[in-house]
Amino acid sequence: MAPYINLNEMEVGDMLPTFTKEPVTRIQLVRYAGASGDFNPLHTDDTVAQKAGLKGVIAQGLLVMGFVGQAITRWVPKRDLKRFKVRFKGMTFPGDTISVSATVTEKTAEGANLRIVCHTEARDQKGEIKLSGQFEVLYPMDKS
Amino acid sequence: MADKSKIGTKLPTYRLNVERVKIRELMAAIGDDNPIYLDKSRAIAEGYPDTPCPPTYITMAFQEFTGAYLKIFEMLAVPLENVLHGEEEYEYIGDIFPGDVLRCQMSCESIVEKQTRSGILDLITLQTIFTNQEDQTVLKARSLIIERVKV
Numbered sequence: 040m041a042p043y044i045n046l047n048e049m050e051v052g053d054m055l056p057t058f059t060k061e062p063v064t065r066i067q068l069v070r071y072a073g074a075s076g077d078f079n080p081l082h083t084d085d086t087v088a089q090k091a092g093l094k095g096v097i098a099q100g101l102l103v104m105g106f107v108g109q110a111i112t113r114w115v116p117k118r119d120l121k122r123f124k125v126r127f128k129g130m131t132f133p134g135d136t137i138s139v140s141a142t143v144t145e146k147t148a149e150g151a152n153l154r155i156v157c158h159t160e161a162r163d164q165k166g167e168i169k170l171s172g173q174f175e176v177l178y179p180m181d182k183s
Numbered sequence: 079m080a081d082k083s084k085i086g087t088k089l090p091t092y093r094l095n096v097e098r099v100k101i102r103e104l105m106a107a108i109g110d111d112n113p114i115y116l117d118k119s120r121a122i123a124e125g126y127p128d129t130p131c132p133p134t135y136i137t138m139a140f141q142e143f144t145g146a147y148l149k150i151f152e153m154l155a156v157p158l159e160n161v162l163h164g165e166e167e168y169e170y171i172g173d174i175f176p177g178d179v180l181r182c183q184m185s186c187e188s189i190v191e192k193q194t195r196s197g198i199l200d201l202i203t204l205q206t207i208f209t210n211q212e213d214q215t216v217l218k219a220r221s222l223i224i225e226r227v228k229v
């Protein structure tokens, strides 16, 4: 894995390197249902999804949040992550390729630490937004 | 329509055993191969006593394995088929490791009625506080659930 980003060197407005996932698969939705305990059939059964007016099964929003969580702790160590919030905005279908981006929105000194807030978004291959959110990192200033 | 007299009401506390195999299963489903969550020796090399839980691990504390969502929607008299998940937030206070036993306290923090062009929505905020076996609060979760109110 690539080393973590040195947030000390990032300024407000800077973007973190975009993280792109493999396309979402149907099997992945089944596996996520089993792993998380979200057995809503909208995520695994096309018949149910079509009755609800969808073209077919949709991904769990929390799976997409999981992709963002994966991106965040590739960027920064888990122990420095203090808060993570998302708003679910769009449906994700099997075959969609999700990219996670983040931009530094706040950087403030707090004792020997830096508090860094980033805005994050997950979008598909067409640029349609799936979720947006924020995460907050408390990062030792002397870390290099 | 959500029962607003239940604002502030808590569900009985429930337990969640943090299991290594469930963390692996979740990581495999997400497709996240970050070794600090999977390989104890790699986690130790980064200064953790064991593999910490990944950021969205706690999602499994609400659904099939605990029934917490079902119970609170029943308490609030909210029909499941009318709800959408609007927002999810985690505040990380301490690390969670395999073998931990978490005490989970879910409550209905607020219900706000919102009139929109397409009808009435109830915005239901649920909060869950997770405390480990050493009595340390390790995580706070907040879920915003949207109920489309059928009149």
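So the protein sequences, as listed, match chains A and B. Residue 54 in the numbering used here sits at position 15 of the first sequence, and the numbers go up by one each step. Residue 197 in the numbering used here sits at position 119 of the second sequence, and the numbers go up by one each step. Built from N, CA and C at the ideal position, the CB exists for glycine as well.
Query: Proximal residues of chain B, C-beta to C-beta of A:Arg126 below 9 Å; Result: Gly164, Glu165, Glu166, Leu222
Query: Alpha helix (DSSP H) segments (min. 4 residues) lying fully within the segment 139–182 of chain A; Result: none
Query: B:Asp200, DSSP secondary structure in three states; Result: strand
Query: For B:Lys82, the residue or residues it bridges with in DSSP; Result: Partner(s): none; B:Lys82 has no beta bridge.
Query: 8 Å contact criterion, which A:Pro116 and A:Asn152 should meet: CB distance rounded; Result: Rounded, the Cβ-Cβ distance is 13 Å, inconsistent with contact.
Query: Contacts of A:Arg154 in chain B (Cβ-Cβ under 7 Å); Result: The contacting residues do not exist; A:Arg154 stays about 14 Å from chain B at best.
Query: Paired residues, beta bridge with A:Met54 - DSSP; Result: A:Thr142
Query: For B:Ile126, the three-state DSSP class (helix, strand or coil); Result: The identity of residue 126 of chain B in the sequence shown is Tyr, whereas the question assumes Ile. Three-state result, B:Tyr126: coil.
Query: Close Cβ partners of B:Leu89 (< 8 Å) along its chain, the five nearest in sequence each way excluded; Result: Ala146, Lys149, Ile150, Met153, Gln183, Met184, Ser185
Query: Minimum Cβ-Cβ distance from B:Ala109 to chain A less than 8 Å; Result: Strictly speaking, residue 109 of chain B in this sequence is Gly, with Ala absent from that position. By this cut-off, B:Gly109 is an interface position.
Query: 8 Å Cβ cutoff, B:Thr137 in contact with chain A; Result: yes
Query: Any C-beta of chain A under 8 Å from that of B:Glu103; Result: yes
Query: Proximity test, Cβ basis, 8 Å: B:Thr209 and chain A; Result: no
Query: Within chain B, the residues that A:Gln67 reaches when beta carbons sit closer than 8 Å; Result: Ala107, Gly109
Query: First through last residue of the beta strand (DSSP E) which encompasses A:Phe106; Result: Here A:Phe106 belongs to no beta strand (DSSP E); instead the alpha helix (DSSP H) covers 100–114.
Query: B:Arg138 (DSSP reduced to helix, strand or coil); Result: Inspection of the sequence shows that residue 138 of chain B is occupied by Met rather than by Arg. Helix at B:Met138.
Query: B:Met184 - partner residues in DSSP beta bridges; Result: B:Thr206
Query: Cutoff 8 Å: A:Glu160 Cβ touching any chain B Cβ; Result: no
Query: DSSP three-state assignment for B:Val219, whether helix, strand or coil; Result: Looking at the sequence shown, residue 219 of chain B is not Val but Ala. Strand at B:Ala219.
Query: Three-state class that DSSP yields for A:Asn45 in the structure shown; Result: coil
Query: Residue range of the unbroken alpha helix (DSSP H) whose run includes B:Val99; Result: 98–108
Query: C-alpha gap between A:Val96 and A:Gln109, whole angstroms; Result: 23 Å
Query: Distance, B:Leu94 Cα to B:Cys131 Cα; Result: 13 Å
Query: Rounded separation between A:Ala141 and B:Glu191 - CA only; Result: 32 Å
Query: Chain B within 8 Å of A:Gly108, Cβ atoms only; Result: yes
Query: DSSP state of B:Arg195 mapped onto helix, strand, coil; Result: coil
Query: Below-8 Å beta-carbon distance, B:Gln193 vs any chain A residue; Result: no
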